[in-house]
Amino acid sequence: MSPAIDQSTSISRRALLQSSGMGLGSVALNWMLTRDAAAQAHHRPLAKSVIWLFMEGGPSHLDLLDPKPLLNKLAGKPLPSSFREPITAMGEKNAPLLESPRTWKQYGESGMPASDWIPNIGECMDDIAVIRSCWTNGINHAGGVCQMNTCINFAGRPSLGSWVNYGLGSANENLPSFVVMCDSAARPVNGPRNWGSGFMPATYQGVRINGTDAEPISNLNFPAGYSGERMESKLALLKQFNQSYAALHPQQTELEARIRSYELAFRMQAQAPEALDLSQETAETEAMYGLDQKETETFGRNCLRARRMVERGVRFVQLYSGTGSKWDSHAGIEKNHSNLCRSMDKPVAGLLKDLKQRGLLDETLVIWGGEFGRTPMSEKGDGRDHNPTGFSIWMAGGGVKGGQAIGATDELGLYAIEDKMHVHDIHASILWLMGLDNMKLTYNHKGRIERPTINEGHFQKKLIAG
Amino acid sequence: MLSHPPHSRQVATFAFGWFCLFSSFIAADEAPRLDSVARELFVRRIAPMFEEKCLACHGKDVEDIKGGLDMRSLSGLLKGGDSESPAVVIGKAEESPIYLAATRTHDAWSAMPPKDADRLYAEQLTWMKDWIAGGAPWPNDSEAQAIAIANAEKWNAEDGVVVKTTGALSEAWANRRYKPEGLWAYQEVPQLKDGQRNGSDQIDVLIAQRMPVGIRVAPQADRTTLIRRATFDLTGLPPIPTEVDDFLNDPRAENVAFASVIDRLLASPHYGERMAQHWLDVVRYADSSGFANDYERGNAWRYRDYVVNAFNTDKPYDQFVREQIAGDEIDSSNPELLIATGFLRMGPWELTGMEVAKIARQRFLDDVVNSVGESFLAHSLQCARCHDHKFDPVPTHDFYSIQAVFATTQLAERQAPFLERENVEGFEERKYLELRRAEHQNMLAMLDAKLLESAQAWFRERGLSPDKWNKALEVLEKKTADTDSRAPNTNAKRRDFSDRFSSARALLMKEGVPEDQFPPKFVGFAPQDYGNERVARKGLERIKWELDRYEPYAIAVYSGRTPKMTSVYAPLRMPKQPLQEGELEDTCILTGGDPFGTGPKVKPGVLSVLAGVQKVPVPESIDGRRKAFAEWVASDDNPLTTRAIANRIWLWHFDQAIAGNPNNFGSTGKKPTHPELLDWLAATFVEKGWSFKAMHRVIMNSEAYRRSAKHPDLKALADKDPTGTSYAVFKPRRLTAEELRDAMLTVTGELNPVLGGIPNRPEINMEAALQPRQVMGTFAAAWTPNPLPQQRHRRSLYALKTRGLPDPLQEVFNAPSPDFSCERREASTVTPQVFSLFNGQSTQSRALALANRAVKETRSDEEAITRLFMLTFSRPPNADELQSCVSHWRDIEALIGDAKPSTQKPPLEVRRDAIEENTGEKFSFNEKLHAYAEFVPDLQPTDVPVHTRALADVCLALLNTNEFAYVY
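These protein sequences, in sequence, are chains A and B. For the first sequence, the positions run 827 to 1292 when my numbering is used. For the second sequence, the positions run 1266 to 2233 when my numbering is used.
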């Protein structure tokens, strides 16, 4: 095991050593000014970046990725007694089974099935590994989304993106390493805590890039009514004060770090909008992501931005689809999922194809999934309840072997039964693909060694071996 | 090494404790006699490891031997299990399944032990490998005993000591060994000796004793630096210019003059606010419950003010501890003591209908045990919830015996009349909540009317007679009228809203009318109606929690049986018969932490490693468990308690604790850098009657505290004190998030210094304030600031702390999340801080107010700049600074000319979009922001002349400087 990285060894002590030995100029700085020198991969990474497409509210695996012929045979009947009685969020465990009216097609050389709700993603099936045996502890949205992001259904631990940020650091100091985008003005349940850094310094938390091109990061721009000239002259005045103050306190390198943070902030002010500026993209590219169609435009834009981000070295990008639990389809799943799938299917396929044609898919891990799946039992006649005990997510790129299904649920898709993957295992696998060992990545919090997957979780080797 | 010998009463050393475990092994005659190294390895390492990790499944229960592998003897291993191949291939670890399984990397053999958390450490794998390579010898009992006796001394020295505890889950754990240096915190705190009672001087003596050779100490700091340091330290605020002047002009000797500054600060009411912030960090104070609903905890503020008052009145810490753990049991008629037990309620908690009540109850119990451990005993106890503690002498038994102390502790918002000292101003703000409540009630009344209309249509469409239905409505009408006339002003049993439709259905159902003879729920509802109904109903539910703010209740506990609950959607009140109704919880060890586990029963108790300092046993009666437990925690002799608090006080002055993890004195926590000093502080604290103020005086009057942050020989310092723990130089710190905001409000003159009371709502980042915050089934209300500037400009301590909605500006400057106890503030430097502090609205407003103040209080530009420096930095500008500021001011004034500054109008409502759950349709509504209707903005650019506006630019730069953000 590598030694735990000690948070108290933050910039003050390290920088003190550096300043006495090598001079102030050598203090390493970036978006994360307190980067630890120990941050590096544990083994050769297969993925350099992650794009996590989060279908918030819980998409139905039964209607998208995990066909269950028996479900349609038994539709209208209660769950057979041979099944262990589930605990359901809305208590609809006795409601009749709801048929899935989907048609399924086998795609590509692998013949992997996808439903008619996701024909474009279907075309990418040879690049996709579907994990059909996921399970989680979170039964409601707050718990489920919290767990899918932080590995546990109670609030307070660092998000996976923060761990990656902490473990690997930034590859572009002018952009945040961990960014989050939502597909509407809504917020996911739990809000910013989903990308929070928990007990680690705020340094590692995700930054939400909002929908407006004018000011993608909160307070990124100078305040309204203040010209650049006016603010820059003020920065110059500030720098003058800070430099003469630092000269009085040569041992205190935090002061130097804070001076640099102002310089860096204003470099980011210039670069962040560039990273998000889609005017440099061709019409052909835009069409791939569905930017030319109203229903796909919003999510397509976020997908395209995500590609531009990873091109520029951003480590971890999370895109919420249906932000605000909109995939939650307790009633009217047909209409709900039709609309949401249409908004997401083409942009997601476009992202995969675009990454591939640019040679980026090999080093970019794309993850698709929600906080849980949905029950085979109906709710309110034409909806499905939450299913935390068995659901699908998929991964593509970043070293993942496509065209395969890993694990299985039972014949009705209620419980995962084969190669079960808990959220611990999902996170451990994502970390592994990024070159991080979930047991070696440690953070000393109050004297206790904390690990991203809470000391559990395994890399699912089938992801790369098939 | 230990600074003093282990005390025999607490920590005993045994030579070969785990002998008895050999009885579970069958002597193996066929074991080949190989070299003594492997035999010793077996006795010392392999046998205890098998016992700890393997035998539970592979031998303990002879009836149920998992996988057919019996590990009680070598012959068992050689025979192997169901796989029918030997588990050990003598001499060849790499071919031995037992070894391969333990490596967890072999495809053919599934990982053993199965649970990841039980995996063998690398060192243990090496032992197993070496043992197999050495021939896998298996000495019989008497041989093993002989080997153990022969090596006892050597092994004790190398492996550490055994600690006496109670009820370990395994013999192996009970007899495990600890490095003595990891046990420092359990040792008795030595009593002060004559000659050690020389106050502050003794601190310097003990620091000097550990000063690395070759380091000179820094000179004493100048007076300006000292008064800034002391004022921030004790009040969290900067000194005002007259206070600085008074100190600079005090003709008395340095130490005398400074001592009187300290006395003045300790007498300030802001002292309590500052110390309360420290304590509230530890206890995770928040005004909401977290989780999916994140309901407001309307009365939490009274606990916050209790803490402020405790510090201001210098309440002895032992009493402070007892009150927080057991105030209600000490005197339930004293509101102060009920409020104190808010401590036990600080963790996030909720119970929704989606969850099994027992699990939620267990979550409270686990949380409260750990919180008591971390806060008072510097001991995280949660590690012992599922298994005996991996590193510290805390068996799972102890975790559950402390849990048993709380097994009769129940949650309630208890009646507690407001106290004389409490600030009960501003309750008129409840009118905004009442407006919102009326809106929701009107909406429900409207929907009720709509349902009644649809009901009539329903009867018509089906050709059914509505007579029974109409009759039911009449009966209800009459009943309501009667209730209203009998008790027109009581809210007690009245529903929040009119729901004649549901009541009529309920009545008919009760009368046995078949369900197809009257309209179904939500008859005739359009998707928008469903949405509006839910928003109104859930909204009313949430308002109940918020309205508790103004009511004489305390977030508290009582002792009683556990009431039967399935969900909690409104504040909990005391049951009528707490001792008679509900379940009397019988605590047992929950094996593996499973709430439904049924391990051995456990009686209420204390940490067994420190049972020796327990004077009063914890009774098993429903009432009185916590009181007795608190006596043990707050005992003069409890070395964890006294060291923990002494360590925290030191941290609060030096931003660096003596033992580096103030919440964790266990062996994984950082060891004290100055153990003698820590012990001296702990003993002195008790001698001085557990008085915080006495300790501040002792610490702050030391030379170490008064040292400059500038050191004359940086090279020597870096070489000899690389960890920065010598105290040869004072360590500067960045202001905390709260200090930064409070300091700005102080220098602008805007701070409203009033103490305590209901939480206020300052302006926060508008986007965060108006974000659609999802809670269970609806959106939480938007953050609307208080209407008046003086209401908003209170100290940050008083800002409403909602777990689901932290103030982004506070968060980015490392204000801790209230989910976990914070033992020490971080101070990281990140670029988003720049965006908030340089571009954000809040600093812009402060800069303008500061400029306005400086202009108004002076007669020339130069004087104004000088005033700015005095206010922000406690010193006048030098010639260069004065020149730069004046010229920047003029440049900006020329630049902006007579351009009209922009003004912003507050939003009066915000639109919310969602998917309606019953229909799956899109749904939207407008949330009215009532408090904004009377909003009076802070000073606006349009309120002041251009000359002042231009000076605000200089002010913005000053508020962003390092000199302002750091305290030296």
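The C-beta atom is built at its ideal place from N, Cα and C for all residues, glycine as well.
Is any beta-carbon of chain B found at less than 8 Å from that of residue i?
i                       : result
residue 894 of chain A  : no
residue 1233 of chain A : no
residue 1120 of chain A : no
residue 864 of chain A  : Residue placement at residue 864 of chain A is poorly supported in this model, since its pLDDT is 40, which falls under 50; the coordinates still yield a value, given next. With 8 Å as the cut-off, residue 864 of chain A does not count as an interface residue toward chain B.
residue 1090 of chain A : yes
residue 933 of chain A  : no
residue 1296 of chain A : As shown, chain A starts at 827 and ends at 1292. That puts residue 1296 of chain A outside it, with no answer to give.
residue 1071 of chain A : yes
residue 854 of chain A  : In this prediction, residue 854 of chain A has a pLDDT of 32, which is less than 50 and means its spatial position is unreliable; what the coordinates show is noted afterwards. No, no contact with chain B.
Using a beta-carbon distance below 8 Å, is residue i in contact with chain A?
i                       : result
residue 1939 of chain B : no
residue 2088 of chain B : yes
residue 2216 of chain B : no
residue 2032 of chain B : yes
residue 2106 of chain B : yes
residue 2073 of chain B : yes
residue 1655 of chain B : no
On a CA-only basis, which of the options is nearest residue i? Give me that one, please.
i                       : options                           : result
residue 1152 of chain A : A:1212, A:1292 and A:1099         : A:1212
residue 2098 of chain B : A:945, A:1180, A:954 and A:1031   : A:1031
residue 1109 of chain A : A:937, A:1101, A:1126 and A:1264  : A:1126
residue 2139 of chain B : B:1493, B:1416 and B:1471         : B:1493
residue 2051 of chain B : B:1633, B:2029, B:1982 and B:2033 : B:2029
residue 1185 of chain A : A:993, A:1225 and A:1017          : A:1225
residue 1450 of chain B : B:1722, B:1417 and B:1943         : B:1943
residue 2104 of chain B : A:1023, A:1061, A:946 and A:961   : A:1061
residue 1282 of chain A : A:1063, A:1118, A:1033 and A:1248 : A:1248
residue 1402 of chain B : B:1303, B:1887 and B:1659         : B:1303
Residues of chain B with CB closer than 9 Å to the CB of residue i, please, in chain order.
i                       : result
residue 1025 of chain A : 2081, 2082, 2084, 2085 and 2087
residue 1221 of chain A : In chain order: nothing, as chain B lies at least about 22 Å away.
residue 1143 of chain A : Simply none; closest approach about 18 Å.
residue 1077 of chain A : 1974, 1975, 1976, 1979, 1982, 1983 and 1994
With C-beta atoms as the reference, is residue i less than 8 Å away from residue j?
i                       : j                       : result
residue 2011 of chain B : residue 1503 of chain B : yes
residue 2086 of chain B : residue 1640 of chain B : yes
residue 1205 of chain A : residue 882 of chain A  : no
residue 1838 of chain B : residue 1620 of chain B : no
residue 1253 of chain A : residue 916 of chain A  : no
residue 1893 of chain B : residue 1593 of chain B : no
residue 1274 of chain A : residue 1558 of chain B : no
residue 1572 of chain B : residue 1544 of chain B : yes
Can you pull the chain B residues whose beta carbon is under 7 Å from the beta carbon of residue i, in chain order?
i                       : result
residue 915 of chain A  : 1619
residue 1230 of chain A : Here the premise fails: no neighbours, minimum Cβ distance about 18 Å.
residue 1068 of chain A : 2226 and 2227
Chain A partners of residue i, CB-CB under 9 Å?
i                       : result
residue 1645 of chain B : 1272, 1273 and 1274
What residues from chain A crowd round residue i, counting only those whose CB sits closer than 7 Å?
i                       : result
residue 1995 of chain B : Those within 7 Å of residue 1995 of chain B in chain A number zero; the least Cβ separation is about 11 Å.
Which chain A residues sit within Cβ distance under 8 Å of residue i?
i                       : result
residue 2109 of chain B : 1049
residue 2100 of chain B : 1043, 1044, 1045, 1046 and 1091
So residue i contacts chain B; which residues on that side make the cut at Cβ distance below 8 Å?
i                       : result
residue 1154 of chain A : 2180 and 2182
Length-filtered (4 minimum) alpha helix (DSSP H) runs lying within the stretch 1198-1267 of chain A:
Runs of the alpha helix (DSSP H) inside the stretch 1198-1267 of chain A: 1249-1259.
What are the start and end residues of each continuous beta strand (DSSP E) run of 3 or more residues lying completely inside the stretch 912-962 of chain A, in chain order?
Segments of the beta strand (DSSP E) lying fully in the stretch 912-962 of chain A: 930-933, 938-941 and 954-961.
Which runs of the beta strand (DSSP E) spanning at least 3 residues fall entirely within the stretch 1033-1088 of chain A, listed in chain order?
Here no run is fully enclosed.
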